[in-house]
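Shown next, in C-alpha cells, is the structure this report addresses.
Numbering (the UniProt record's numbering), first residue to last: 1 to 86.
As C-alpha cells, this is what we get:
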C-alpha cells in the first residue's frame, strides 16, 4: 500500500481519533483530588495516570519530586504551571 492508501483508510476514522485525543486532554469527570477528594485543579504529567490534585495535596505530594511537571486546569484547558506557583 502507498501512503495515500493509508490516509484514505484512516480518513473515515479521523473524528473518532480526534474525540479520543481531546478526551485525554480534558480532566476526568468527576475532577476530584486523588488524595483528599476535593476539587482537583492540578495534574502531574510525569506521574503514572496523571492524577488530579487540589492545591494542598499537590504541594505535599510533589514537594520531593522537583523535576515533575505540573499543569493547572484553568476551566477550559490545562496550562503549564510550576510547583512554586501551586
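C-beta: ideal position from N, C-alpha, C; glycine also.
Source: prediction; values computed, not measured.
Asked: Grab the span of the alpha helix (DSSP H) containing residue 3 for me, first residue to last.; Found: 3-10
Asked: Does the region 45-65 come within contact of the region 14-23, defined as at least 3 CB pairs closer than 8 Å?; Found: no
Asked: Could you please give me the residues that DSSP links to residue 71 through a beta bridge?; Found: 43, 80
Asked: For residue 82 and residue 8, what's the separation of their Cα atoms in angstroms?; Found: 42 Å
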